[in-house]
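Heads up: the structure comes next, in structure tokens.
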Amino acid sequence: MNAYWQCFSGIVLREWLRFVLQRTRFLSALVRPLLWLLVFAAGFRAALGIAIIEPYDTYIPYEVYIIPGLACMILLFNGMQGSLSMVYDREMGSMRVLLTSPLPRTFLLCSKLLATSLISLLQVYAFLAIAWVYGVQPPAMGLLIALPALLLVALMLSALGLLLSNAIRQLENFAGVMNFVIFPLFFLSSALYPLWKMRESSEWLYWLCALNPFTHAVELVRFALYERFNPLALAVCMGLTLLFALLAVLTFNPQHAALRKTS
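Per the numbering used here, the sequence shown runs over residues 1393 to 1655.
Below, the structure written as structure tokens:
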């Protein structure tokens, strides 16, 4: 058990040092959601009224509505950023060195996912603190209740990123693949607009958003922030986390870069 803990703490420390040394990574993770909150939300506030919908008990301004979606945006981009680091580590050979450990590969990869998720949570709560100062203030207890929901979403998106990284053979291909994944997941969800607004616009667009896993991630966090429970969102996120993690472990091949260099 001591060996497992030392290995896990070493992986977490490595991710923490990488995060600390890359200060622009922290700033860039906050710029995107803050731009939506401070700029776009001001423009949409007058054009988009939010009716009384769960988990809210009254009419809410647009800024309040998008906070959970923007928090999940940070987790989404960080999950994909984690997949970039996996591709880089595989290219440099450090993943092959890590996997020489006698510990199971499943434990090593899951430790990597958890370490990435914990770093993401720090950035999410930094964003929520800025939003609190700005005037968007969820219940204080909701911020605590949302912690496990945010962690589950972070694990789901990190596992998805790891699964995608297994299909990316070169760093040069990363940007195209990630843009093909990130933007549809984010914009075809309830992060920026409620689903009933989507339905008013288009029935097929509504169903795309309703079936989008990221929608369930956003709703899980939204309900948790306001001390509510969403069983469907929880079931979907837990199921997809397990599925993505299982597929990521089964398809992971640290030899991709080595095979490409020798061919």
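Glycine residues also receive a C-beta, built at the ideal position from the N, C-alpha and C atoms.
Check	Outcome
N- and C-terminal bounds of the alpha helix (DSSP H) containing R1379	Outside the shown range of the chain (1393 to 1655) lies residue 1379, about which nothing can therefore be said.
I1511 versus W1408 - alpha carbon distance	7 angstroms
For L1597 and L1514, the rounded distance between their alpha carbons	33 angstroms
Contained alpha helix (DSSP H) runs [length at least 4] in the stretch 1528 to 1568, N- to C-terminal order	1532 to 1557
Residue range of the unbroken alpha helix (DSSP H) whose run includes F1519	R1497 to Y1526
CA-to-CA distance, F1575 to E1619, given in whole angstroms	29 angstroms
Segment contact flag, the stretch 1600 to 1615 with the stretch 1456 to 1467, C-beta cutoff 8 angstroms, min 3 pairs	yes
Residues sharing a beta bridge with I1730, DSSP	What is shown of the chain runs 1393 to 1655, which leaves residue 1730 out entirely.
Among P1586, F1621, L1603 and N1558, the one whose alpha carbon lies nearest that of F1644	N1558
DSSP state of I1445 mapped onto helix, strand, coil	coil
Among G1527, L1429, F1432 and L1547, the one whose alpha carbon lies nearest that of T1633	L1547
Nearest-angstrom Cα separation, counted from L1505 out to A1649	Note that A1649 scores a pLDDT of 47, beneath 50, so its modelled location is shaky and nothing firm can be said.
For N1604, the first and last residue of its enclosing alpha helix (DSSP H)	Segment: none, N1604 is in no alpha helix (DSSP H) and carries neither H nor E.
Length of the line joining the Cα atoms of L1642 and F1606	23 angstroms
Closest residue to L1556 among Y1451, L1544 and M1570 (Cα-Cα distance)	M1570
Beta-carbon separation (whole angstroms), L1549 vs G1471, contact threshold 8 angstroms	3 angstroms
Closest Cα partner of A1532 within the set L1554, P1623, F1636 and A1521	A1521
Beta-carbon proximity list for M1465, same chain, < 7 angstroms, skipping 5 on both sides	R1424, P1425, F1578 and A1583
Length of the line joining the Cα atoms of K1653 and S1475	Here the model assigns K1653 a pLDDT of 47, short of 50, so the residue's position is not dependable, and the following value carries that caveat. Approximately 20 angstroms between the Cα atoms of the pair.
Distance between F1621 and F1418 (C-alpha atoms, nearest Å)	30 angstroms
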